[in-house]
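Numbering (the working numbering), first residue to last: 1 to 365. Glycine included, each C-beta is placed from N, C-alpha and C at the ideal position. Fair warning: this is a prediction, and the values are worked out from it, not measured in the lab.
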Amino acid sequence: MRTSKRRWLQAAVIAVIAAAVSAAWFFNSGKAAAALESPPVPVRVEEPVIRNLEEVFTAYGNLESANQVTVLPKVAGGVTAMYADVGDAVTRESLLAEIDREAYQLDLDRAQAAYDSASSTWERINRLYQSGSATRQDWEDARAANTAAEARAAGARLRFSWTLVHSPVEGVVLVKHVNTGSLVAPEAATPLYTLGSLENLNVEVQIPETYLPYFSNSGDGLIPEIRAYSESFPGVPLAAQILSVAPWINPQTRSFTVTCSIQPDNQSRSFLRPGMLLSLVFILDVHQEVLTLPESVLTAGMWVWKVESSQIKETARRLELKNPLSSAGFIVVPRDWAGGRYIVEGQHFLKNGTAVRVLESDNPE
Numbered sequence: 001m002r003t004s005k006r007r008w009l010q011a012a013v014i015a016v017i018a019a020a021v022s023a024a025w026f027f028n029s030g031k032a033a034a035a036l037e038s039p040p041v042p043v044r045v046e047e048p049v050i051r052n053l054e055e056v057f058t059a060y061g062n063l064e065s066a067n068q069v070t071v072l073p074k075v076a077g078g079v080t081a082m083y084a085d086v087g088d089a090v091t092r093e094s095l096l097a098e099i100d101r102e103a104y105q106l107d108l109d110r111a112q113a114a115y116d117s118a119s120s121t122w123e124r125i126n127r128l129y130q131s132g133s134a135t136r137q138d139w140e141d142a143r144a145a146n147t148a149a150e151a152r153a154a155g156a157r158l159r160f161s162w163t164l165v166h167s168p169v170e171g172v173v174l175v176k177h178v179n180t181g182s183l184v185a186p187e188a189a190t191p192l193y194t195l196g197s198l199e200n201l202n203v204e205v206q207i208p209e210t211y212l213p214y215f216s217n218s219g220d221g222l223i224p225e226i227r228a229y230s231e232s233f234p235g236v237p238l239a240a241q242i243l244s245v246a247p248w249i250n251p252q253t254r255s256f257t258v259t260c261s262i263q264p265d266n267q268s269r270s271f272l273r274p275g276m277l278l279s280l281v282f283i284l285d286v287h288q289e290v291l292t293l294p295e296s297v298l299t300a301g302m303w304v305w306k307v308e309s310s311q312i313k314e315t316a317r318r319l320e321l322k323n324p325l326s327s328a329g330f331i332v333v334p335r336d337w338a339g340g341r342y343i344v345e346g347q348h349f350l351k352n353g354t355a356v357r358v359l360e361s362d363n364p365e
């Protein structure tokens with residue numbers, strides 16, 4: 001009885017082991033079959049191309065008039081006339097505005113009358129003093145009164161002249177800040193106009209501190225070229241050159257200021273306006289005849305997938321490329337990569353050895 005039971009247990013154990021082995025074989029063979037049946041991943045590839053690659057840095061800034069000025073009143077009062085509108089060209093000493101003159105005219109009349117009286121008294125006392133009929137004290141008092149009256153008259157005359165506001169520079173009216181009837185005063189710093197030139201235009205841009213070596217000797221032509229573009233008219237290149245490089249680094253932004261002049265030509269003169277946003281492309285270096293691939297070839301910023309062919313299939317192999325030089329949508333790759341095919345689309349979920357199917361390029365060269 002015991003022998004029969006032992007044989008039964010042995011048979012059961014053998015059956016369980018056999019079932020486990022069969023299941024493992026079936027599972028593994030199923031995975032292998034599934035792997036064999038997985039279709040190749042479709043990818044697009046490109047071969048490296050030799051080209052000249054520019055190393056650039058792009059900065060943005062607002063266009064400003066080089067001699068932009070704000071015209072402020074020198075006397076208080078109501079504005080009785082505005083003689084220039086936005087866009088008007090003005091010359092130096094052009095009449096721009098008039099401030100109520102009546103009160104200043106009265107002040108001038110009173111000061112002039114006082115001066116005339118003091119001058120007459122001074123002349124009379126001076127004659128008497130010369131003849132010995134007036135004392136030295138009378139002569140000095142009359143002379144001082146005459147001088148003070150003359151100064152008050154000159155001040156009243158100057159304030160009266162300030163009621164007519166003239167342009168301090170030649171340029172164009174950029175902003176008209178007030179209208180006829182507005183009250184203005186020097187203490188309030190209320191501007192009347194903003195004037196500027198449309199010929200002499202500058203733009204200031206902030207450059208990161210790491211680029212300082214490229215600008216430290218810009219006067220000797222270290223920066224070979226600057227290309228400027230308006231965001232409103234991006235297809236029209238603008239001539240630009242460096243005017244100055246700030247001699248200090250802003251500790252808050254870790255950047256320095258570069259001021260560039262913009263020279264408008266006949267085409268750009270028609271649309272360039274102060275306040276426009278410009279992009280300045282600084283050509284830091286030009287790498288001649290380097291081997292390049294599109295930036296889209298990179299995954300995770302440092303991996304490139306190459307297609308390798310065998311008699312049976314094509315597979316993907318991962319290559320490492322740390323910190324490649326990149327510009328204008330391309331990266332520089334090693335010379336020994338020439339002739340290879342590198343995946344630019346479809347590489348983000350590949351593994352080493354994954355079968356791939358190369359699609360035809362939409363833009364064959």
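Annotated as proximal: Phe-330 and Thr-292, with beta-carbon spacing under 8 Å. Leaving aside the five residues that flank Glu-204 on each side, the residues in its chain whose CB is nearer than 6 Å to its CB run, in chain order, Gly-61, Thr-257, Thr-259. Per DSSP, Trp-337 lies in no beta strand (DSSP E) and is assigned neither H nor E. Judged by their CB atoms, Pro-40 and Lys-351 are not nearer to each other than the 8 Å cut-off. Nearest Cα to Gly-181 within the set Val-173, Leu-174, Gly-171, Leu-192: Leu-192. In this structure, Ile-343 is the residue among Phe-271, Ile-343, Ala-316 with its C-alpha nearest to the C-alpha of Pro-294.
Annotated three-state conformation of Ala-316 is strand, per DSSP. DSSP, reduced to helix, strand and coil, places Asn-250 within a strand of the structure shown. The shortest C-alpha to C-alpha distance from Ala-81 to any of Ser-270, Asn-67, Asp-141, Thr-163 is the one to Thr-163. Residue pairing from DSSP places Gly-61 in a beta bridge opposite Leu-278. If you check the CB distance, Ile-262 and Leu-63 come in under 8 Å. Assigned with DSSP and collapsed to three states, Arg-357 falls in strand. Between the C-alpha atoms of Ile-50 and Val-297 there is a straight-line separation of about 16 Å.
Annotated three-state conformation of Ser-131 is helix, per DSSP. Nearest Cα to Lys-306 within the set Glu-345, Ser-270, Pro-324, Arg-269: Glu-345. Sixteen is the threshold: when 16 or more other Cβ atoms of the shown chains lie within 10 Å of the Cβ of Gln-347, as they do, the residue is buried.
Under the three-state reduction of DSSP output, Arg-101 falls in the coil class, being neither helix nor strand.
Of the candidates Lys-322, Leu-158, Ser-65, Tyr-229, Tyr-229 places its Cα closest to the Cα of Leu-278. For Tyr-214, the enclosing alpha helix (DSSP H) starts and ends at 212-215. Straight through space, the alpha carbons of Val-281 and Val-90 are spaced by roughly 34 Å.
Straight across, the Cα-Cα distance linking Gly-196 with His-177 is about 14 Å. Taking C-beta atoms under 8 Å as the contact rule, Ser-94 and Asn-200 fail to qualify, at a distance of about 18 Å.
Counting only residues of its own chain and dropping the five nearest sequence neighbours on each side, Met-276 has a CB closer than 8 Å to the CB of Asn-62, Leu-63, Ser-230, Glu-231, Ser-232.
The continuous beta strand (DSSP E) containing Phe-330 extends over residues 330-332. One thing to note: Leu-198 has its Cβ within 8 Å of the Cβ of Val-172.
When the alpha-carbon of Arg-110 is set against those of Pro-237, Phe-160, Gly-78, Ser-244, the nearest one is in Phe-160. For Ser-327, the number of other beta carbons within 10 angstroms of its own is at least 16, and it is reported as buried. In the three-state DSSP reduction, Thr-190 falls in the coil class, being neither helix nor strand. Ranked by Cα distance from Phe-271, the options Gly-235, Ala-145, Val-245, Pro-48 are led by Gly-235. For Leu-158, the enclosing alpha helix (DSSP H) covers residues 136-161.
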